[in-house]
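Numbering of the sequence shown is given in our numbering, commencing with residue 983 and proceeding in unit increments.
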Amino acid sequence: MGFFKKKGNSKVQSTPPSQTKETSSTNSTNDLKTSLQDNIQFVKDSLGESTDIVIREIRIGRGGSVKAGIFYTDGLSDTPSLQNFIMETLMLDIKSTGLEKKLTPEHNLLTALKDFAMTVGEIKDLTNFDDLFTSLLSGDAILLIDGYAEGLVIGNKHWVERGITEPASQTVVRGPREGFSENLRVNTALVRRKLKDPSLWMESKVIGTRTKTNVAIMYIHGVANDKIVDEVRLRLDRIDIDGILESGNIEGLIEDSTYSPFPTVFNTERPDTVAAALLEGRIAILVDGTPFVLIVPALFVQFFQSPEDYYVHTGIGSLIRLLRFFAYLIALLAPALFIAITTFHQTMLPPALLISLTAQREGVPFPAFIEALIMEVTFELLREAGVRMPRSIGSAMSIVGAFVIGTAAVEAGIISAAMVIVVSITAISSFVSPTYNFAISARILRFGFMVLAASFGLFGIAIGFVALILHLCSLRSFGMPYMSPLAPFNVSDQKDTLIVVPIWKMFTRPRLTNQTNKVRQQDPASAKPQPPKK
């Protein structure tokens, strides 16, 4: 057959999927067979004759002398591209190209097709069924030729996806409006668009024995701490699970403290936040199928930072950040302080206020702790219902429900008006946090402080607060102290902790997350804005 000479004609019987791990003395049953029909039958048996798996048998070469098969998954592959650039090339274009002259003993038909005929960008060699199934179910096209115990993986992924839209969970007044999508390659491109640096390295991994989810690690080589990068690799390599459906699955498997209410892994759906974290020496973990990117190590103060802090005037950014810290304390301690003062420490109140509160509580059948507990649980129910209900009516239901229930409870004499005010302020303060999962920690710990306040008053709150500080200081995120740079205290890193200093003063990166390349700008004095000289 000239240049279409086959490697062999021996046929190998199809092996059931349950026996693919068995090996013989000559060849593993997981390897591709030389018979095209055996390979087709094995794929059909392994995939249960799934109707979305398309297997197209064609003939190529002069006179159609060689049998070939193209495999692809309908809905995951680009069908027009497959027809126009792959099948047309194989069935029509190479008939009169003289491709047979390109063949040598080291240059068989498959390599000749790959090097001289296929007009697609990504082509990989294929030798076993494991790689075949992974590539096929990821959207790539597979080319097998009768007589060859190998094939080609042709990059042909394409599926309907959500476009780049504004992040829903981390909105800003001023700043970029683009957010990550569920496509891993789109997400990496959004980060590359922000950081056009050859030192931005990316490593890919496949996690999940059944889902085979693509996971990417991104960091700036020479800026990120090599020990932290090695630790990220180690924790990801240790994952042995059948499925990863969202980055939250990865977060739960690599975080330092599973049972702490405080997250030790930061997540975001904003490319500018990821780019800023990479510039500080952190590592980003991107997971295919989710718009949320993980950032490690994560520190306590990082959850109070918003991208908008760096896009507005320094004074405004500092004031808003201090407001977030204050709002978190209100969300954490306001109900507990009200319970402690009205129950044990009434003398701390001005006489007029004490008389007003006493008059309000006249006829209320429950103590302050039960009042607060009823209102807090009711509000949490309304908040959760508003999230789960359709968007068009969810917010309206939450507002109207809280107003109606609060007013009715006061008029019925079940709850005092002051308690409704305290719980409302607490609820509003819990929404100030830029990150949703960090705000949940205040919602959880609030009930613990309420119990301590009802039992021991302000002394119980003080004991609980000290225990909370000790717990925070004991936490680590990939080896980094969670309360850094507050504990251990670092003067140079205070420029972006409680307040935001002008950007021309941020000439060094955080000390703990970066140990090699600390300087961001060589001469900070020259970057200071100066009025024109007369």
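Using N, Cα and C, we set each Cβ at its ideal position, and we do this for glycine too.
Provide the residue span of the alpha helix (DSSP H) that contains residue i, from first to last.
{"i": "Y1310", "result": "1296-1325"}
{"i": "L1268", "result": "Counting along the chain, L1268 falls outside any alpha helix (DSSP H), though it belongs to the beta strand (DSSP E) covering 1265-1269."}
{"i": "F1361", "result": "1350-1370"}
{"i": "N1419", "result": "1418-1438"}
{"i": "D1212", "result": "1208-1219"}
{"i": "M1519", "result": "For residue 1519 there is no data in the structure shown, the boundaries of the chain being 983 and 1516."}
{"i": "A1094", "result": "1091-1094"}
{"i": "F1244", "result": "Element bounds for F1244: n/a, residue is neither H nor E."}
{"i": "E1228", "result": "That residue, E1228, is in no alpha helix (DSSP H); it is neither H nor E in DSSP."}
{"i": "S1406", "result": "1399-1412"}
{"i": "T1071", "result": "1070-1073"}
{"i": "T1116", "result": "1111-1118"}
If I follow the unbroken beta strand (DSSP E) through residue i, where does it start and stop?
{"i": "D1475", "result": "D1475 -> no beta strand (DSSP E), and no H or E assigned at all."}
{"i": "G1103", "result": "No beta strand (DSSP E) holds G1103; DSSP gives it neither H nor E."}
{"i": "A1259", "result": "First-last for A1259: 1253-1261, but that is the alpha helix (DSSP H), not the beta strand (DSSP E)."}
{"i": "L1276", "result": "1275-1278"}
{"i": "N1249", "result": "1248-1250"}
For residue i, count neighbouring C-beta atoms within 10 Å of its own C-beta (all shown protein chains included) and say buried if the count is 16 or more, exposed if not.
{"i": "P1347", "result": "exposed"}
{"i": "L1311", "result": "exposed"}
{"i": "Q1152", "result": "buried"}
{"i": "T1008", "result": "With a pLDDT of only 37 at T1008, under the threshold of 50, the placement of this residue in the model should not be trusted; the figure read from the coordinates follows. Label assigned to T1008: exposed."}
{"i": "L1471", "result": "Looking at the sequence shown, residue 1471 is not Leu but Phe. The residue is exposed, with fewer than 16 neighbouring Cβ atoms inside 10 Å."}
{"i": "N1066", "result": "exposed"}
{"i": "T1101", "result": "exposed"}
{"i": "S1398", "result": "buried"}
{"i": "Q1328", "result": "exposed"}
{"i": "I924", "result": "The requested residue 924 is not part of the displayed model; the chain covers only 983 to 1516."}
{"i": "T1116", "result": "exposed"}
{"i": "I1410", "result": "exposed"}
{"i": "G1263", "result": "buried"}
{"i": "Q1287", "result": "buried"}
{"i": "G1133", "result": "buried"}
How many angstroms separate the CA atom of residue i from the CA atom of residue j?
{"i": "D1122", "j": "S1063", "result": "12 Å"}
{"i": "G1430", "j": "I1451", "result": "14 Å"}
{"i": "K1510", "j": "F1489", "result": "11 Å"}
{"i": "R1156", "j": "F1285", "result": "19 Å"}
{"i": "E1358", "j": "V1214", "result": "39 Å"}
{"i": "L1276", "j": "A1266", "result": "6 Å"}
{"i": "E1160", "j": "P1149", "result": "7 Å"}
{"i": "G1043", "j": "T1193", "result": "38 Å"}
{"i": "Y1418", "j": "V1369", "result": "12 Å"}
{"i": "A1400", "j": "L1339", "result": "7 Å"}
{"i": "G1051", "j": "I1037", "result": "7 Å"}
{"i": "A1259", "j": "I1189", "result": "24 Å"}
{"i": "D1112", "j": "N1012", "result": "7 Å"}
{"i": "L1468", "j": "F1460", "result": "17 Å"}
{"i": "F1326", "j": "E1344", "result": "17 Å"}
{"i": "R1303", "j": "P1289", "result": "11 Å"}
{"i": "I1199", "j": "M1330", "result": "55 Å"}
{"i": "V1135", "j": "F1098", "result": "16 Å"}
{"i": "V1386", "j": "F1320", "result": "23 Å"}
{"i": "A1280", "j": "E1233", "result": "12 Å"}
**OP:** Enumerate, from N- to C-terminal direction, the unbroken alpha helix (DSSP H) stretches of 4 or more residues contained entirely within the stretch 1125-1206.
**Re:** 1166-1176
Subject >> Complete alpha helix (DSSP H) runs within the stretch 1015-1053 (minimum length 4 residues, chain order) >> reply: 1018-1028
Subject >> the stretch 1297-1312 touching the stretch 1414-1433, judged by at least three CB pairs closer than 8 Å >> reply: yes
Subject >> Meets three-Cβ-pair contact criterion under 8 Å: the stretch 1420-1430 and the stretch 1235-1253 >> reply: yes
Original post:
Contact between the stretch 1246-1254 and the stretch 1161-1176: three or more CB pairs below 8 Å?
Top reply: yes
Subject >> Cβ pair count under 8 Å reaching 3, the stretch 1016-1025 against the stretch 1119-1133 >> reply: yes
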